[in-house]
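Residue numbers (my numbering), protein chains in the order written: chain A, 3 to 325; chain B, 180 to 357. For glycine and all other residues, C-beta sits at the position ideal for the given N, C-alpha and C. Below is one structure, written out as structure tokens, with a few remarks after it.
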Amino acid sequence: MHNVTIAGAKNRSNAVVGYNWWKKNRKGLLLVLLSGLLYATHVKAQDTGLLKMLDDSMAVNQQSRYVTGTFKGTHIINLHSVETPAQGVLLFMIMHRFGKINDGGYQLFGLDNATMRMGFDYGITGRLTAGIGRSTFEKTYDGYLKFKLLRQAESAGKMPVSVTAFGGLAYTTLKYAGKEYLNATYRTSYTLQLLLARKLTRDLSLQLAPTWLHYNLVPAIADKNDVFALGIGGRMKITRRVSVNLEYNYLPVNPASSFKVYQSFSAGFDIETGGHVFQLHVTNSQGMVEPLFIGRTTGNWGKGDIYFGFNISRSFNIAQKKH
Amino acid sequence: MTKWIVMILCCMVWTHAVAQVYITRTGSVSFFSKTPLEDIKAENRQVFAAVDLSKKTIAFSMLLKSFLFRKELMQEHFNDNYVESDKFPKSTFKGAFTGEVIPGKINTVQVQGVLSLHGVEKEFSANATIELKEDGLYGLSKFRLTPEDFNIKIPGIVRDKIARQIEVQVMVDCKPVK
Numbered sequence: 003m004h005n006v007t008i009a010g011a012k013n014r015s016n017a018v019v020g021y022n023w024w025k026k027n028r029k030g031l032l033l034v035l036l037s038g039l040l041y042a043t044h045v046k047a048q049d050t051g052l053l054k055m056l057d058d059s060m061a062v063n064q065q066s067r068y069v070t071g072t073f074k075g076t077h078i079i080n081l082h083s084v085e086t087p088a089q090g091v092l093l094f095m096i097m098h099r100f101g102k103i104n105d106g107g108y109q110l111f112g113l114d115n116a117t118m119r120m121g122f123d124y125g126i127t128g129r130l131t132a133g134i135g136r137s138t139f140e141k142t143y144d145g146y147l148k149f150k151l152l153r154q155a156e157s158a159g160k161m162p163v164s165v166t167a168f169g170g171l172a173y174t175t176l177k178y179a180g181k182e183y184l185n186a187t188y189r190t191s192y193t194l195q196l197l198l199a200r201k202l203t204r205d206l207s208l209q210l211a212p213t214w215l216h217y218n219l220v221p222a223i224a225d226k227n228d229v230f231a232l233g234i235g236g237r238m239k240i241t242r243r244v245s246v247n248l249e250y251n252y253l254p255v256n257p258a259s260s261f262k263v264y265q266s267f268s269a270g271f272d273i274e275t276g277g278h279v280f281q282l283h284v285t286n287s288q289g290m291v292e293p294l295f296i297g298r299t300t301g302n303w304g305k306g307d308i309y310f311g312f313n314i315s316r317s318f319n320i321a322q323k324k325h
Numbered sequence: 180m181t182k183w184i185v186m187i188l189c190c191m192v193w194t195h196a197v198a199q200v201y202i203t204r205t206g207s208v209s210f211f212s213k214t215p216l217e218d219i220k221a222e223n224r225q226v227f228a229a230v231d232l233s234k235k236t237i238a239f240s241m242l243l244k245s246f247l248f249r250k251e252l253m254q255e256h257f258n259d260n261y262v263e264s265d266k267f268p269k270s271t272f273k274g275a276f277t278g279e280v281i282p283g284k285i286n287t288v289q290v291q292g293v294l295s296l297h298g299v300e301k302e303f304s305a306n307a308t309i310e311l312k313e314d315g316l317y318g319l320s321k322f323r324l325t326p327e328d329f330n331i332k333i334p335g336i337v338r339d340k341i342a343r344q345i346e347v348q349v350m351v352d353c354k355p356v357k
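Following this line, the structure appears as structure tokens:
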């Protein structure tokens, strides 16, 4: 009891002394504490600092970019994609379709027969491309211009889609015995297309292609000269260099009554290596130019009128980009 | 008491005063790949770099999409297939250097730290030169990197067109931070 009292008194006197000292130096102590705290945060900021400092200013400097690589090639399968070659790049493309798979074993399931189209695309600017091609199918020449109207922006809230305008002309030169009256006008057909695409994710891109076709000559009076169609296409990357592609060209109205027209549907793979893109696919269309595959597809998937085919493209840098 | 406070404050002010940070937003990093089949070259002129002379620390940060190639297709493939800049937009380096930096001289220093690229962080060291002039700090370094170290896979079909080791050159001119 006694001891406790003494200890208590001692404690009390210590506390009193401490309190007095605190009272005397309160301001100074607070200052030390505060500056210590400030200094500590300052030091801490500097330690992780340099990189953080850079990253903070990087966000400010990040400029808006256009999305690249919506599709690997300038074609999804038969349909043009929104992509065009870069400025000064010449793209050489071979499109090849074997015969129908249902031709049977005698024709080696179509491999005995083939049609092909050879084409050149040249990037006049980064946005404008001129192309020419020649198909063995009805000995058809084709020429077109493609122009990137809008380009999808990387940052959200800006341009959400890429839009490319396509205008083309197909000219059939196949001679028909006894039909010498078929002059240039009769042999020409036109295509106007608006290609709208969005790269939804790194791997998935989708495209819509409202299409207007005009045939100067149709087989029968009841057949339509003007055909409207909606192309739908997409690609899904399965590895960094391989994608699965699908394409469907929807015809809301049957364009011909003198023969049966089927809607063109194609499925395939893109394989990309360096400057090449290989596309392997199956399709019910034999033609590889818009008026031929959108409005003149005669193959029926249900019956096995399926053509195996491939597109191969190779890009050559003709004019060097300066920067 | 007041004396102590003044002294501590002075100390802090002093250490703060020697913190010499130099920074740039227009540094250059370029890389070269030389093979008999193809030469590949790209440059990024929007590299952020900071050097703290008092602590001898260094940091770099850059966006991979800012690398410009002569061929646009190469640039697309670089971003899409190799460094995957959608997934890993940045490459950074943070580290320290050893060696004296004497103003007005070209000083050789050893830089050591962590290089981050394509989602891989790797210990990295290289020689560099630092020149401290009145208007700023000039840094230069050349080294080689192996793409496979950073999990960047090169398919067999293009293996002969891309060098096993990529030469990298770094050039920065940093201005003092006021």
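Based on Cα-Cα distance, which residue from the options lies nearest to residue i?
| i | options | result |
| --- | --- | --- |
| A224 of chain A | A:G169, A:L53, A:D114, A:S260 | A:S260 |
| M95 of chain A | A:P87, A:N319, A:A321, A:S315 | A:S315 |
| S245 of chain A | A:Q281, A:V255, A:L210 | A:Q281 |
| K239 of chain A | A:A155, A:K262, A:E274 | A:E274 |
| E292 of chain A | A:L232, A:G304, A:V163, A:F73 | A:L232 |
| G236 of chain A | A:H216, A:N218, A:L208 | A:L208 |
| A158 of chain A | A:S66, A:F267, A:A258 | A:S66 |
| T187 of chain A | A:N218, A:F111, A:G276, A:T142 | A:N218 |
| K340 of chain B | B:G206, B:S207, B:F211 | B:F211 |
| L210 of chain A | A:L176, A:R204, A:E182, A:L248 | A:L248 |
| M118 of chain A | A:F111, A:I78, A:T142 | A:T142 |
| L93 of chain A | A:S268, A:N302, A:P212, A:G277 | A:G277 |
| G71 of chain A | A:N251, A:H283, A:N185, A:S164 | A:S164 |
| L184 of chain A | A:V220, A:D307, A:Y252 | A:V220 |
| F122 of chain A | A:K201, A:R136, A:I103 | A:R136 |
| G274 of chain B | B:P355, B:S295, B:K244 | B:S295 |
| L247 of chain B | B:S207, B:L216, B:F267 | B:S207 |
| F230 of chain A | A:T241, A:L215, A:K54 | A:L215 |
| F312 of chain A | A:T299, A:L294, A:F271, A:G301 | A:F271 |
| L206 of chain A | A:Y178, A:S191, A:R242 | A:R242 |
| V384 of chain B | B:S209, B:F276, B:P268 | Examination of residue 384 of chain B is not possible in this model, given that chain B is present from 180 through 357 alone. |
| G306 of chain A | A:K181, A:I103, A:K29 | A:I103 |
| A269 of chain A | A:F310, A:G289, A:R298, A:N256 | A:F310 |
Residue i versus chain B: which residues are under 7 Å apart at the beta carbon?
| i | result |
| --- | --- |
| G71 of chain A | E255, D259 |
| R67 of chain A | K244 |
| T187 of chain A | Within 7 Å Cβ-Cβ: nothing; T187 of chain A doesn't reach chain B, min ~40 Å. |
Determine the chain A residues that contact residue i at a beta-carbon separation under 8 Å, and present them in chain order.
| i | result |
| --- | --- |
| F210 of chain B | None at all; the shortest Cβ gap to chain A is about 16 Å. |
Using a cut-off of 8 Å between C-beta atoms, extract the partners of residue i located in chain B.
| i | result |
| --- | --- |
| R243 of chain A | N260, P334 |
| A88 of chain A | K250, E251, L252 |
Hey, quick one: how far does the alpha helix (DSSP H) through residue i stretch, first residue to last?
| i | result |
| --- | --- |
| F303 of chain B | Element bounds for F303 of chain B: not the alpha helix (DSSP H) but the beta strand (DSSP E), 299-311. |
| Q254 of chain B | 251-256 |
| P293 of chain A | 292-295 |
The beta strand (DSSP E) with residue i in it runs from where to where?
| i | result |
| --- | --- |
| L93 of chain A | 91-102 |
| H82 of chain A | H82 of chain A -> no beta strand (DSSP E), and no H or E assigned at all. |
| P212 of chain A | 206-217 |
| Q109 of chain A | Segment: none, Q109 of chain A is in no beta strand (DSSP E) and carries neither H nor E. |
| R323 of chain B | 316-324 |
| E249 of chain A | 244-252 |
| T174 of chain A | 164-174 |
| Q281 of chain A | 278-285 |
| V351 of chain B | 345-355 |
| D231 of chain B | 218-231 |
| Q265 of chain A | Run containing Q265 of chain A: none; DSSP gives neither H nor E here. |
Along chain A, in chain order, which residues have C-beta atoms closer than 7 Å to that of residue i?
| i | result |
| --- | --- |
| K340 of chain B | G276 |
Is there a C-beta anywhere in chain E that falls below 8 Å from the one on residue i?
| i | result |
| --- | --- |
| D259 of chain B | Annotation note: the requested chain E is absent from the structure, which comprises protein chains A and B. |
Using a Cβ-Cβ cut-off of less than 8 Å, list which residues of the segment 233-253 of chain B approach chain A; keep chain order. K234, T236, I237, A238, F239, S240, L242, K244, L247, R249, K250, E251, L252
Below 8 Å between beta carbons is the criterion; list the residues of the segment 257-278 of chain B that meet it against any residue of chain A, in chain order. N258, D259, N260, E263, D265, K266, K269, T271, K273
For the segment 322-336 of chain B, list every residue whose C-beta sits within 9 Å of some C-beta in chain A, in sequence order. K332, P334, I336
Count the C-beta pairs between the segment 255-266 of chain B and the segment 224-237 of chain B that are closer than 8 Å, then say yes if the count reaches three, no if not. no
Can you list, in chain order, the residues of the segment 200-211 of chain A whose Cβ is nearer than 7 Å to any Cβ on chain B? R204
Select from the segment 274-297 of chain A all residues with a C-beta closer than 7 Å to any C-beta belonging to chain B, and list them in chain order. T275, G276, G277
Do the segment 320-338 of chain B and the segment 198-209 of chain B meet, that is, are 3 or more Cβ pairs less than 8 Å apart? no
Which residues, taken in chain order from the segment 165-186 of chain A, show a beta carbon closer than 7 Å to some beta carbon of chain B? none
Can you confirm whether the segment 77-96 of chain A touches the segment 307-321 of chain A when touching is taken to mean that 3 or more C-beta pairs between the two stretches lie within less than 8 Å? yes
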